[in-house]
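J.:
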Amino acid sequence: MIAFVREFLPDDLDEVRYFFSKRGAYQKFKALLSRRGAIDAWHDYRNQATERASRDWCEVHTIEIVD
558 MIAFVREFLP DDLDEVRYFF SKRGAYQKFK ALLSRRGAID AWHDYRNQAT ERASRDWCEV
618 HTIEIVD
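The sequence shown runs contiguously to residue 624 in the working numbering.
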């Protein structure tokens, strides 16, 4: 989340860091995304990051990926 904010919402970085020092951080993060019109960008970013991490894990463990 921090990497996404750093890249796409850099002016909100301190606020997001503050969110994650308290309870309810994810709900506050989602509300911020909604206010900024960035929900779709966040979902795309998260999906791509998950795929990259999965592919990296497979490579480290010598697992062939069949697309």
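Don't be surprised by glycine CBs; every beta carbon is placed ideally from N, CA and C.
Treat the numbers as computed from the prediction; the structure is a model and nothing was measured.
Expressed to the nearest angstrom, what Euclidean distance is found between the alpha-carbon atoms of L589 and R609?
T.: Spanning the two alpha carbons is a distance of roughly 25 Å.
J.: Roughly how many whole angstroms lie between the Cα atoms of D624 and S611?
T.: Answer to the nearest angstrom: the Cα atoms are 13 Å apart.
J.: Between A595 and L566, how many whole angstroms is the CB-CB distance? I'm expecting something under 8 Å.
T.: A595 to L566, Cβ: 6 Å. Contact.
J.: Could you give the residue range of the alpha helix (DSSP H) that holds K579?
T.: Where K579 is concerned, there is no enclosing alpha helix (DSSP H), given that its DSSP letter is neither H nor E.
J.: Under DSSP, the alpha helix (DSSP H) around V562 begins and ends at which residues?
T.: Counting along the chain, the alpha helix (DSSP H) containing V562 begins and ends at I559 to F565.
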